[in-house]
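Right, one structure below, let's go through it.
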Amino acid sequence: MESPKNLSFINISGLLLLAFLVLYIGLRPIHPIFGDTVNYVVTYSNYQIGLPIKNAEDYGWHVFMKALAPYMSIHAFFTIISFIYIFPLYKISTTYFKEYWYYAFLMFVVSFSFWTYSVNGIRNGAACSLFLWGLCYEKRKILMVMFFGFALLFHKTLFLPILAYLATYFYNNPKFYFKGWLMCIPLSLVLGGVWISLFSSLGFADDRLSGYLSSSSEEGTFSATGFRWDFLFHSAFAVFAGWYFVVKKGFSDVLYNRLLNTYLICNGFWVLVIRANFSNRFAYLSWFMMAIVIIYPLLKKNFFKNQHALLGNIILAYFSFTYLMFYLYYS
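Numbering (the numbering used here), first residue to last: 171 to 501.
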């Protein structure tokens with residue numbers, strides 16, 4: 171794993187993959203197959219002809235669109251958004267793992283939610299990536315707060331991971347959060363409707379979150395209805411990885427504990443409202459961190475003989491879930 175030949179290969183391959191993805195996603199055709207891409211095109215076109223911003227939630231995002239609209243084409247705009255979405259995945263990987271960044275970056279790319287939030291829920295995806303970019307500045311809090319602020323301006327739902335991350339500065343014991351996550355499952359099974367009604371009535375963070383909880387799903391949409399054991403199984407990958415390394419293997423790392431506990435808080439919230447229509451929107455507020463939660467310990471400490479081969483198998487298994495869900499389960 172540490173051989174110069176391998177390091178040279180993964181760094182060159184990683185940079186090529188980064189450049190390819192930014193261009194491939196940013197220059198995609200304008201087609202309904204890419205979900206909300208068409209809706210973003212309509213809004214951007216309106217700003218290009220000088221129409222004002224009207225009653226827009228996430229005002230910062232619309233200011234950003236309107237500022238760019240007079241100067242660039244829609245494909246140039248999507249390429250910039252693609253960069254904002256993908257570059258932070260590279261940035262946090264290089265910040266945390268130095269020369270081994272490629273493995274973490276690859277985990278992000280093969281994640282179940284990566285493609286969906288690059289071409290469909292692009293505002294949410296970009297906001298979550300800005301949050302990850304902020305995490306790169308653990309020792310430079312002003313920069314961290316700045317990126318967190320940009321994330322909120324792009325999508326107010328980032329209140330949840332930001333508040334969860336701040337909570338870890340007050341209490342950062344993973345065992346406590348593991349127990350809390352486990353408790354969310356029976357609480358959701360027994361009182362699922364109660365939690366949905368509660369958070370809807372509170373208008374958690376903003377009107378959009380409340381709307382996701384209470385609105386009806388449309389036929390053909392990627393909405394999570396009922397108690398989604400498949401999504402819970404997917405979420406448990408990171409929970410099990412965190413438990414295994416922290417509890418079973420005694421891995422002790424303050425930064426990793428913060429990442430893990432942030433994931434557990436956000437995912438626990440989603441488990442409580444798992445029956446709500448569009449609950450996948452809540453799931454993404456934790457899923458975007460899954461890759462780094464799973465792979466972090468393996469790139470920081472040697473736990474196993476032939477760990478390099480095991481790392482490859484873990485990435486393959488993680489990708490296999492994405493492949494099976496998209497190409498077998500949904501079709």
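Beta carbons: idealized from backbone N, C-alpha and C, even for Gly.
Model, not experiment: these values are computed from the prediction.
Using only the alpha-carbon positions, how far apart do residue i and residue j sit?
i: Ile464; j: Ala334; result: 18 Å
i: Asn437; j: Thr207; result: 27 Å
i: Ser299; j: Ser367; result: 30 Å
i: Tyr307; j: Leu425; result: 12 Å
i: Tyr266; j: Leu468; result: 12 Å
i: Trp231; j: His325; result: 8 Å
i: Leu330; j: Tyr270; result: 30 Å
i: Asn181; j: Leu328; result: 31 Å
i: Leu187; j: Val279; result: 9 Å
i: Phe234; j: Leu336; result: 27 Å
i: Met160; j: Leu434; result: With the chain represented from 171 up to 501, any question about residue 160 goes unanswered, as that position is not in the structure.
i: Val192; j: His245; result: 11 Å
i: Tyr229; j: Asn450; result: 23 Å
i: Gly220; j: Met242; result: 14 Å
i: Leu430; j: Pro344; result: 7 Å
i: Val364; j: Phe247; result: 42 Å
i: Arg310; j: Phe496; result: 39 Å
i: Leu313; j: Ile462; result: 21 Å
i: Tyr210; j: Lys419; result: 46 Å
i: Ser288; j: Met460; result: 16 Å
i: Lys475; j: Glu172; result: 14 Å
i: Pro202; j: Ala239; result: 21 Å
i: Ala375; j: Gly319; result: Any reading at Ala375 must be qualified, since the residue scores a pLDDT of 44, below 50, and its modelled position is unreliable; the value itself is stated next. Each residue's alpha carbon lies about 14 Å from the other.
i: Phe301; j: Arg293; result: 13 Å
i: Ala226; j: Asn216; result: 13 Å
i: Gln146; j: Ile332; result: Residue 146 lies beyond the range of the chain shown here (171 to 501); nothing can be said about it.
i: Ala237; j: Thr249; result: 15 Å
i: Gln477; j: Pro222; result: 56 Å
i: Arg198; j: Ser422; result: 43 Å
Buried or exposed for residue i, going by 16 or more other Cβ atoms inside 10 Å?
i: Pro258; result: buried
i: Tyr194; result: exposed
i: Leu305; result: buried
i: Tyr260; result: buried
i: Val315; result: exposed
i: Gly412; result: buried
i: Ile200; result: exposed
i: Tyr347; result: buried
i: Ala394; result: Here Ala394 scores only 43 on pLDDT, less than 50, and its place in the model should not be relied on; the value that follows carries that caveat. Ala394 is buried by the Cβ-count criterion.
i: Tyr273; result: buried
i: Arg428; result: buried
i: Phe511; result: Coverage of the chain is limited to positions 171 through 501, which leaves residue 511 absent and any answer about it impossible.
i: Glu388; result: Reliability of the predicted coordinates at Glu388 is poor, the pLDDT of 40 falling under 50, and the value obtained from them is presented with this limitation in mind. Label assigned to Glu388: exposed.
i: Leu322; result: buried
i: Ala479; result: exposed
i: Val409; result: buried
i: Phe179; result: exposed
Determine the closest residue to residue i out of the options, with distance taken between C-alpha atoms.
i: Thr213; options: Ile250, Lys224, Ile203; result: Lys224
i: Ser252; options: Gly220, Gly295, Asn472; result: Gly295
i: Trp303; options: Phe317, Ala479, Arg293, Asn290; result: Phe317
i: Tyr488; options: Ser405, Leu323, Leu187, Ile219; result: Ser405
i: Ala189; options: Ile256, Pro222, Met171; result: Ile256
i: Lys470; options: Phe452, Gly350, Thr264; result: Thr264
i: Phe284; options: Ala453, Phe397, Asn476; result: Ala453
i: Phe204; options: Leu221, Thr286, Ala479; result: Thr286
i: Trp440; options: Tyr210, Lys419, Trp351; result: Trp351
i: Phe458; options: Val417, Ile262, Pro174, Gly184; result: Ile262
i: Trp399; options: Phe415, Val417, Pro356, Leu481; result: Pro356
i: Val416; options: Tyr466, Leu494, Ala446; result: Tyr466
i: Gly184; options: Ile254, Gly196, Lys268; result: Lys268
i: Ile446; options: Gly196, Gly291, Asn342, Leu361; result: The sequence given here has Ala at residue 446, not Ile. Ranking the options by Cα distance to Ala446, first place goes to Leu361.
For the alpha helix (DSSP H) that contains residue i, what are its first and last residues?
i: Lys236; result: 229 to 238
i: Asp400; result: 399 to 413
i: Cys436; result: 424 to 442
i: Ser288; result: 286 to 289
i: Ser299; result: 292 to 305
i: Ser183; result: 174 to 196
i: Ile332; result: 329 to 337
i: Asn216; result: 207 to 218
i: Gly482; result: 477 to 494
i: Gly420; result: From DSSP, Gly420 is part of no alpha helix (DSSP H); its letter is neither H nor E.
i: Ile465; result: 460 to 470
Can you give the beta carbon distance from residue i to residue j, rounded, assuming they're within the 8 Å contact cut?
i: Leu455; j: Ser358; result: That belief does not hold up - the Cβ atoms of Leu455 and Ser358 are roughly 16 Å apart, past 8 Å.
i: Phe282; j: Thr492; result: 5 Å
i: Leu177; j: Ile485; result: With 8 Å as the limit, Leu177 and Ile485 do not qualify as a contact, their Cβ atoms being about 17 Å apart.
i: Ile444; j: Phe403; result: Not quite, the Cβ-Cβ distance comes to about 12 Å (not below 8 Å), so this is no contact.
For the ligand MN, is there any heavy atom lying closer than 7 Å to the beta carbon of residue i?
i: Lys345; result: This structure lacks the ligand MN; in fact it carries no ligand of any kind.
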